[in-house]
Each structure stands twice: as C-alpha cells, then as structure tokens.
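Read left to right, the sequence shown gives residues 5 to 160 (the working numbering).
Backbone N, C-alpha and C define an ideal beta-carbon position, used for all residues, glycine too.
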Amino acid sequence: MRIVGYKWLCVEAFPDDARGITLRSAFDAHLWTRGTNVANYPPSEENLWGFNAYHSAIRARWSGRNYGTVIAGVVGFGTVALFQHGWRAEKAEIVAVHLPRRFTHRWRLGKSSLPSFTARLSATYDVPVYRSLRQLRRETQRWGLPANHFLHDADS
C-alpha cells in the first residue's frame with residue numbers, strides 16, 4: 005500500500021551545464037533521485053529513520069516558505085510510521101512538484117525562462133510540474149491513499 009504526502013525540498017539548479025536540476029532535503033541534505041528512494045533503515049519506535057512527509061500540502065507549504073524551495077507530492081511505502089501531522093517511510097518517490105510563486109521570484113524566472121526551467125525539472129524527475137497546489141494534490145492522490153485516512157480509522 006502507498007501513502008501520499010507532501011514535503012518541501014530545496015532546489016539546486018545548474019543553468020550553464022548539463023547537470024540539470026536536483027532536489028535536496030533541507031533537513032538532512034538527502035539528494036532525491038528519480039524513482040524509488042530507499043532509506044538506510046526503516047522507521048521504528050526506536051529511531052526516526054526514513055523519509056518524512058506531511059499529510060497536508062498546505063502544512064508543507066507553510067513549513068517551507070523559504071525562497072528556492074518547491075513542494076513535492078510524494079508516496080511512501082515499505083515500513084511506514086504514521087504521526088499526527090505526517091509520516092515516515094522506508095521508501096519514497098516523488099510523483100509531482102509544485103512551483104510556488106515565491107520560487108519564480110527567487111530564481112528570477114521570467115515568463116520566457118519559466119517553461120524551460122519547468123521542462124528541465126519535469127524531465128529530471130519524470131514527474132509533472134504544476135503552478136497550482138490543487139493540481140499537485142490531485143495528481144499526488146492518484147498514487148496512493150492519504151495517511152490521515154488511517155489515523156481517523158484508528159480513532160473510531
């Protein structure tokens with residue numbers, strides 16, 4: 005079973021060479037790759053290893069309101085630990101990306117360079133890139149179930 009969530013990631017862009025665009029976790033500097041990312045250890049009661057994400061795209065946006073960040077829709081699977089506002093998973097994959105308006109100002113992406121940047125980011129991770137948070141949520145939810153669905157069932 006796959007659980008969907010949202011996280012903000014830092015963008016590293018190399019406009020003058022072929023390295024393209026990379027996304028890194030601001031928490032531990034983990035470089036996210038295309039496809040499945042695998043943690044060194046699964047999350048457990050003893051440790052908080054694994055990839056984390058928020059249940060809500062809005063919460064992810066509020067926590068990452070820094071310039072130079074994007075919101076990624078991710079799916080977690082393998083061993084998954086659920087928490088009140090998010091989850092940790094042994095394996096995770098980026099399935100969509102949202103470019104906030106602040107991001108385009110930070111990178112000084114004008115109307116002419118934005119399509120090129122978006123295309124490069126999309127090609128690097130083989131995912132759609134959206135300007136709308138609503139579109140990000142819609143695409144992400146196609147890939148799995150919201151984790152808070154399981155938390156509500158446990159409370160019943």
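Identify whether residue i lies in helix, strand or coil by the three-state DSSP scheme.
| i | result |
| --- | --- |
| residue 56 | strand |
| residue 147 | coil |
| residue 45 | coil |
| residue 153 | helix |
| residue 28 | strand |
Within a Cβ cutoff of 6 Å, which residues of the same chain sit near residue i, ignoring the five residues on either side of it in sequence?
| i | result |
| --- | --- |
| residue 65 | 75 |
| residue 144 | 8, 77, 99 and 100 |
Does residue i pass the burial test, meaning 16 or more other C-beta atoms within 10 Å, or should it be called exposed?
| i | result |
| --- | --- |
| residue 13 | buried |
| residue 33 | exposed |
| residue 119 | exposed |
| residue 129 | buried |
| residue 149 | exposed |
| residue 35 | exposed |
Going along the chain, which residues of its own chain have a beta-carbon closer than 8 Å to the beta-carbon of residue i, five neighbours each way excluded?
| i | result |
| --- | --- |
| residue 127 | 24 |
Measuring CA to CA, which of the options is closest to residue i?
| i | options | result |
| --- | --- | --- |
| residue 154 | 89, 62 and 63 | 89 |
| residue 94 | 27, 56, 10 and 105 | 56 |
| residue 3 | 42, 15 and 73 | For the chain, the structure presents residues 5 to 160; residue 3 sits outside this window and is missing. |
| residue 85 | 11, 15, 124 and 49 | 49 |
| residue 63 | 17, 5 and 141 | 141 |
| residue 133 | 152, 5 and 104 | 104 |
Within its chain, find whatever has a CB closer than 7 Å to the CB of residue i; leave out the 5 residues flanking it on each side and keep chain order.
| i | result |
| --- | --- |
| residue 53 | 43, 44, 45, 46 and 47 |
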